[in-house]
Amino acid sequence: MILSEKLRYLSYQDHARLQYGRLLWKNPKMKERLLGHWLDLRHPYRDRFQETYRPWVERVLSSDSASDEKLDQEFMREGESLRSIIKEIPPVFGAFY
Amino acid sequence: MPRRELRYPHQVHDWLSLWGKFLRSKSEEATMILIGSAAILLHAYKHGVQEGFLDGSMDVDPITSDESLAMLCYESQIGSAFELKNGWHVNLMPDHVLLEFETSWRERAMKLHYEGLIVIIPSVEDLIKPKLKRGEPRDLRHRDYAVRYRILEGGE
């Protein structure tokens with residue numbers, strides 16, 4: 000299946016976390032802030048992010064859309080996929096962001 | 000539970016005015032595309048309509064490629080101090096959502112200037128079409144609002 004087909008069924012929220020995560024990741028202060036939020040003890044996905052998905056999520060956010068095909072192929076070799084890692088980008092909770 | 004207190008046209012205008020002033024104070028300039036029910040309310044404001052929706056919305060749906068604006072939006076998400084104060088929150092939408100609109104939507108869009116913020120809103124007709132496709136009761140009420148207050152050209 001081609002990548003665009005695989006990503007077609009992501010929700011708008013998944014797409015938004017990718018698009019704006021990538022945009023804000025370019026700013027070192029925002030990158031630190033997002034990481035701090037996702038690693039906050041109050042964040043319900045903290046353990047999952049820290050223990051398993053952080054390296055992949057950081058690779059996705061550090062790249063741009065032109066690299067998506069290449070990233071997806073790399074992730075597939077590693078037992079994941081771009082689609083599955085996009086879904087692992089943690090949400091932001093306004094109450095303690 | 001998210002709050003649903005976005006109801007009146009002036010609320011959208013006031014929010015954009017505040018953010019426009021803030022961006023200007025930081026010597027920043029950003030562009031937002033605003034869709035959804037907030038965009039319909041903004042059209043209503045520009046038409047001098049003061050009456051609000053019968054039921055409130057919980058969020059506004061902006062799209063941007065500007066970092067400064069994205070940062071403001073992240074500060075205003077569900078559960079934030081912004082939501083606590085205003086009774087609604089900001090729900091940043093991806094570019095992807097614009098595929099719901101006809102490809103020519105920009106030709107009919109309105110551009111508004113709020114100091115450091117440029118806001119682009121699709122025409123009411125373009126905003127209503129995806130709502131009519133969904134056909135949910137709330138979407139139809141937004142169409143009825145646009146017709147009742149004559150912000151939908153030619154009525155239906």
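Top line first, the protein sequences correspond to chains G and W.
Quick note: the first sequence uses numbering that gives the first Met the number 0, first residue 0, plus one each step.
Quick note: the second sequence uses numbering that gives the first Met the number 0, first residue 0, plus one each step.
Every residue, glycine too, gets a C-beta built ideally from N, C-alpha and C.
N-terminal and C-terminal residue of the alpha helix (DSSP H) that residue i is part of
{"i": "Ile77 of chain W", "result": "No alpha helix (DSSP H) holds Ile77 of chain W; DSSP gives it neither H nor E."}
{"i": "Met75 of chain G", "result": "67–76"}
{"i": "Ile88 of chain G", "result": "Note, Ile88 of chain G: premise wrong, no alpha helix (DSSP H); not H, not E."}
{"i": "Gly20 of chain G", "result": "11–24"}
{"i": "Pro27 of chain G", "result": "27–37"}
{"i": "Arg58 of chain G", "result": "53–61"}
{"i": "Arg7 of chain G", "result": "2–7"}
Cβ neighbours of residue i in the same chain (closer than 6 Å, five flanking residues each side left out)
{"i": "Glu28 of chain W", "result": "Gly115"}
{"i": "Tyr44 of chain G", "result": "Pro89"}
{"i": "Lys30 of chain G", "result": "Trp24"}
{"i": "Ala37 of chain W", "result": "Val11, Val59"}
{"i": "Arg16 of chain G", "result": "Ile88"}
{"i": "Leu5 of chain W", "result": "Gly55, Ser56, Trp87"}
Bounding residues of the beta strand (DSSP E) (the contiguous stretch that carries residue i)
{"i": "Met31 of chain W", "result": "29–34"}
{"i": "Tyr113 of chain W", "result": "109–113"}
Integer Cβ distance of residue i from residue j, believed to fall under 8 Å
{"i": "Trp18 of chain W", "j": "Leu71 of chain W", "result": "6 Å"}
{"i": "Ser67 of chain W", "j": "Gly93 of chain G", "result": "Not quite, the Cβ-Cβ distance comes to about 18 Å (not below 8 Å), so this is no contact."}
{"i": "Ile84 of chain G", "j": "Gly20 of chain G", "result": "The Cβ separation is near 11 Å, so there is no contact."}
{"i": "Phe95 of chain G", "j": "Asp39 of chain G", "result": "6 Å"}
{"i": "Tyr8 of chain G", "j": "Val96 of chain W", "result": "With a Cβ gap of about 15 Å, Tyr8 of chain G and Val96 of chain W do not count as contacting."}
{"i": "Gln76 of chain W", "j": "Val56 of chain G", "result": "Their Cβ separation, rounded to whole angstroms, is 19 Å, which puts Gln76 of chain W and Val56 of chain G out of contact at 8 Å."}
{"i": "Pro61 of chain W", "j": "Met109 of chain W", "result": "With a Cβ gap of about 15 Å, Pro61 of chain W and Met109 of chain W do not count as contacting."}
{"i": "Lys132 of chain W", "j": "Arg142 of chain W", "result": "Rounded, the Cβ-Cβ distance is 11 Å, inconsistent with contact."}
Residues that residue i bridges to, as DSSP identifies them
{"i": "His88 of chain W", "result": "W:Asp58"}
{"i": "Leu116 of chain W", "result": "W:Ala29, W:Tyr113"}
{"i": "Leu5 of chain W", "result": "W:Ser56"}
Contacting residues, own chain, Cβ-Cβ under 8 Å from residue i (five flanking each side not counted)
{"i": "Tyr148 of chain W", "result": "Ala43, His46, Val48, Glu50"}
{"i": "Leu41 of chain W", "result": "Pro8, Val11, His12, Leu15, Leu33, Leu111, Val118, Ile120"}
{"i": "Arg107 of chain W", "result": "Pro121, Ser122, Glu124, Asp125"}
{"i": "Arg140 of chain W", "result": "Phe52, Leu53, Asp54"}
{"i": "Ser62 of chain G", "result": "Arg21, Leu70"}
{"i": "Leu81 of chain G", "result": "Leu2, Lys5, Leu6, Val59, Asp67, Leu70, Asp71, Phe74"}
{"i": "Thr156 of chain W", "result": "It is not possible to answer for residue 156 of chain W, since the shown part of chain W is limited to 0 through 155."}
Chain-order list of residues whose beta-carbon lies under 7 Å from that of residue i (same chain, five-residue window excluded)
{"i": "Arg2 of chain W", "result": "Met57, Glu82, Gly86, Trp87"}
{"i": "Ala145 of chain W", "result": "Ile39, Val123, Ile127, Leu151"}
{"i": "Glu4 of chain G", "result": "none"}
{"i": "Arg76 of chain G", "result": "none"}
{"i": "Asp65 of chain W", "result": "Ala29, Thr30"}
{"i": "Met0 of chain G", "result": "none"}
Distance cut-off 7 Å: residue i Cβ against heavy atoms of the ligand COA
{"i": "Met31 of chain W", "result": "The ligand content of the structure shown is nil, which means the ligand COA is not present either."}
What are the start and end residues of each continuous beta strand (DSSP E) run of 3 or more residues lying completely inside the stretch 116–149 of chain W, in chain order?
116–120
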